[in-house]
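S.K.: Residue numbers (the numbering used here), protein chains in the order written: chain P, 1 to 201; chain D, 1001 to 1142.
This is the structure, below, for whatever I ask next.
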Amino acid sequence: MRELRVRWTGELEAASRRAADRVAERARRSGLVDVGYATVDSPVGRLLVASTRRGLVRLAFPEEPVDQVLDELAATVSPRVLEDPRLTDPLRRDLDAYFEGRLRRFGARVDWALTHPGFSRRVLEETARIPFGSVATYGEVARRAGSPRAARAAGNALHDNPVPIVVPCHRVVPSGGGIGRYGGQEWRKAFLLELEGAIEG
Amino acid sequence: MDVYRFLVAAVGTQEAEDCFQETFLSALRAYPRLRDAENLRGWLITIATRKALDHWRASRRRPLPVETVPELAAPERADGDPELWRAVGALPPMQRAAVIHRYVLDLPYAEVAEALGCSEEAARANAYEGRKKLRAMQGVAR
């Protein structure tokens, strides 16, 4: 029955986007959004940030496809994921201030839903305590997390940090010198450490 | 996108926006019941179908002011043969939904059945009956 068709025109696409925007708006007002996300432009690229009512749950660099990040959130946190600039606004302001050198400590609380409880989480919590402008070694962070000999495991936990920058895994470096590796590409680690004055440019 | 296309085919461009919003809000409200996120799309089409059926039933009950588009009018801006669309609008609700799922969205019968909340057999029968009626109506028109 070829005579029945609904062609996907630009007009239809616009109407469907409009309807989707209104759904988001109404869902927000009715408290139906569990994970709100937004993108933030920054000197290290466009960042995707996602928050729940408990706090920041995910920050992703542009190499990670947005759909993949959102699918992961839908599968592990809640399928009620919607674009919601308001839920992420305070963090956006903090990120702007941080990159302009006006902010040394993020006010955002972290929702650890994407991190394994136990060692990984303790490593990230200890990392969150490393002050702006200083660094710690993988071994030191492992020790503070309760397992002095687990430097490599600490490195893995840091690599899987769901909220880089805000939980400053870039401040963890190898004991043998150099800045070491970084899940979000090493030039970013260098950039962030320079920004904080921890290393010379 | 399928959800939106289905609604445009089922209730027309004007009403599609409202039905789309209701569909998603219902889905979000009902979310704790949704454990299988993989089947999200099928689930949304099912809800959208229910909304369309409600909409058809409500508009049949509601007395139509003269200047309103009559119920049997083709959904505005859907493509294809307007006569045929009008004929689709005259089908009983289940047949109408089955025809749109099967012949506009090209859904397999398993998904048509899921959307209609009936067996695959019943989905086939509804699409088949609908199609037969459309043929008959077209036969008269041509």
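Using N, Cα and C, we set each Cβ at its ideal position, and we do this for glycine too.
A quick note: this is a predicted structure, and the numbers were derived from the prediction, not measured.
Taking one C-beta from the region 80-96 of chain P and one from the region 139-147 of chain P each time, how about it: are there three or more such pairs within less than 8 Å?
M.R.: Touching, no.
S.K.: How would you list, in chain order, the residues of chain P whose beta-carbon sits under 7 Å from the beta-carbon of D:L1084?
M.R.: Per Cβ cutoff of 7 Å: E3, L4.
S.K.: Give the secondary structure of P:S16 by DSSP, where H, G and I count as helix, E and B as strand, and everything else as coil.
M.R.: Here P:S16 sits in helix by DSSP.
S.K.: Can you give me the start and stop residues for the alpha helix (DSSP H) that P:Y98 sits inside?
M.R.: 85-99 is the extent of the alpha helix (DSSP H) around P:Y98.
S.K.: Apart from the five residues on each side of it in sequence, which residues of its chain come closer than 7 Å, Cβ to Cβ, to P:V66?
M.R.: Same-chain partners within the cutoff: L48.
S.K.: Quick one: any contact between the region 125-143 of chain P and the region 75-84 of chain P, if contact means 3 or more CB pairs under 8 Å?
M.R.: These segments do not touch.
S.K.: Under the three-state reduction of DSSP, which class applies to P:G36: helix, strand or coil?
M.R.: Correct three-state label for P:G36: strand.
S.K.: Please state whether DSSP places D:A1123 in a helix, a strand or coil.
M.R.: Reduced to three states, the DSSP call for D:A1123 is helix.
S.K.: According to DSSP, what are the bridge partners of P:R5?
M.R.: Per DSSP, D:D1079.
S.K.: Let me know if D:R1135 comes out buried or exposed under the rule of 16 or more other beta-carbons within 10 Å of its beta-carbon.
M.R.: Label assigned to D:R1135: exposed.
S.K.: With DSSP as the reference, identify every bridge partner of P:V49, one or two as the case may be.
M.R.: DSSP lists P:A38, P:L59 as partners of P:V49.
S.K.: Helix, strand or coil, according to DSSP, for P:A136 in the structure here?
M.R.: Here P:A136 sits in strand by DSSP.
S.K.: Return yes when the Cβ of P:A142 is within less than 8 Å of the Cβ of P:A128, no when it is not.
M.R.: Their beta carbons are not under 8 Å apart, which means P:A128 does not touch P:A142 by this criterion.
S.K.: What residue range does the alpha helix (DSSP H) around D:G1012 cover?
M.R.: Counting along the chain, the alpha helix (DSSP H) containing D:G1012 begins and ends at 1002-1029.
S.K.: List, in chain order, every chain D residue whose beta-carbon is nearer than 8 Å to that of P:R22.
M.R.: Simply E1017, Q1021.
S.K.: Which class does P:L82 belong to by DSSP, given the choice of helix, strand or coil?
M.R.: P:L82: strand per DSSP, three-state reduction.
S.K.: Between P:R181 and chain D, is the shortest Cβ-Cβ distance under 8 Å, so that the two count as touching?
M.R.: It does not; no Cβ of chain D falls within 8 Å.
S.K.: How big is the Cα-Cα spacing for D:A1144 and D:E1120?
M.R.: Nothing can be reported for residue 1144 of chain D: it is not among the residues displayed for chain D, which extend from 1001 to 1142.
S.K.: Taking P:F99 and P:S51 to be in contact with their CB atoms under 8 Å, please state how far apart those CB atoms are, rounded to whole angstroms.
M.R.: Going by Cβ atoms, the distance from P:F99 to P:S51 rounds to 19 Å, so no, they are not a contact pair.
S.K.: Since D:T1049 contacts D:A1127 with CB under 8 Å, what's their CB separation in whole angstroms?
M.R.: At roughly 13 Å, the Cβ-Cβ gap does not stay under 8 Å, so D:T1049 and D:A1127 are not in contact.
S.K.: Evaluate P:P117 with the Cβ neighbour count: other Cβ atoms within 10 Å of its Cβ, from every protein chain shown; 16 or more gives buried, anything less gives exposed.
M.R.: Burial call: exposed.
S.K.: With burial defined as no fewer than 16 other Cβ atoms inside 10 Å of the residue's Cβ, what is the status of D:E1067: buried or exposed?
M.R.: With a pLDDT of only 44 at D:E1067, under 50, the local geometry of the prediction cannot be trusted, and the value read off the model is given with reservation. Burial call: exposed.
S.K.: Just verifying my parser: in three-state terms, what is the DSSP assignment at P:V172?
M.R.: Strand.
S.K.: With the cut-off set at 8 Å, would you say P:R105 and P:W112 are in Cβ contact?
M.R.: No, the Cβ-Cβ distance between P:R105 and P:W112 is not below 8 Å.
S.K.: Interface residues of chain D around P:L158 at Cβ under 9 Å?
M.R.: Going along chain D, no residue has its Cβ under 9 Å from P:L158, so there is no contact; the nearest lies around 29 Å.
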